[in-house]
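S.K.:
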Amino acid sequence: MGQYFFVVSGELESLPFAEIKAILESENINYRVIDTLDQVIILECSDNPCKIIAKRAAYTHVCCKLIFYCEANIFDIESRIKDLSFDDFLTGKSSFSIRVKRIKQSSPHISTIKLAKHIGKNILKDVKNIKVDLETPDISFYGVLTGEDFIFGVCEAEIDRGAFNFRATHLRPYMHPSSMSPFLSRLLVNLSRASVELLVPISALKWLKVLCII
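Numbering (this note's numbering) for the sequence shown: 8 to 221.
1. Can you determine whether any heavy atom of the ligand HEM sits closer than 7 Å to the C-beta of S86, and answer yes or no?
2. Please classify A211 as buried or exposed, where buried requires at least 16 other C-beta atoms within 10 Å of its C-beta.
3. Does G234 come out as helix, strand or coil in the three-state DSSP assignment?
4. Apply the 10 Å Cβ neighbour rule to T67 and answer buried if 16 or more other Cβ atoms are within range, or exposed otherwise.
5. Tell me where the alpha helix (DSSP H) around K135 begins and ends.
6. Report the residue ranges of all beta strand (DSSP E) runs contained in full by the segment 59-93; include only those spanning at least 3 residues, in chain order.
7. Given a threshold of 16 other Cβ atoms within 10 Å of its Cβ, counted over all protein chains shown, does F159 qualify as buried or as exposed?
8. What would DSSP say about R193, mapped onto helix, strand or coil?
9. Here's the rule I'm using: 16 or more other beta-carbon atoms within 10 Å means buried, otherwise exposed. How should Q46 be labelled?
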């Protein structure tokens, strides 16, 4: 069992979390919820779910392997960083990057840029023959400040949501007033826990016709 965290969209309050759980259930991946935070969910999973979540989810931004999480204060973060052996993560790697994201107005007393640089300095001090590469790193570390917590891990997948925008309703040859956005359509498919056989939501009117026939 491994521990993972997922950074989700802030557009909807609970549906992004429900989407992740539904995908795991449809893929027969056992999981346990460790914590649910603002736009972040931490799970313990029987298999690594990052690739499948990145492939299917509409409202997930980043999938990471959890290293630690703690209270969002410099003393706790510093203590956890010093206790880490970064050699365990960087063996066979020659470069790394670090990003720290702030959810909304979380922990305004902490600078995300300074925190990322501080962690980077610790890594460079701890690991020999390693360099920072922000463009094409061998491994990417990812931190999140959310609420009163700081979550840190290895980024395993990022979702490019731009492909969804090309299928936006206003870009279609013909737009029905009840047309669903590509994000919502994908979300509903995932919430159905579809695996091999997929449901394809088209519009509310057509759903109504199907229900009337049934």
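Ideal Cβ placement from N, Cα and C applies to all residues, glycine included.
On a predicted model such as this, the values are computed, not experimentally measured, just so you know.
M.R.: Here's the rundown:
1. This structure lacks the ligand HEM, and indeed carries no ligand of any kind.
2. Reliability fails at A211, whose pLDDT of 49 lies under 50, so the model's placement of it is uncertain and the value that follows must be treated cautiously. A211 is exposed by the Cβ-count criterion.
3. In the structure as shown, the chain starts at 8 and stops at 221, and residue 234 therefore has no counterpart that could be examined.
4. With 16 or more other Cβ atoms within 10 Å, it is buried.
5. Under the DSSP assignment, K135 falls outside any alpha helix (DSSP H); it carries neither an H nor an E label.
6. Here the runs fully enclosed are 67-78.
7. That one is buried.
8. Correct three-state label for R193: helix.
9. Looking at its Cβ environment, which holds 16 or more other Cβ atoms inside 10 Å, Q46 is buried.
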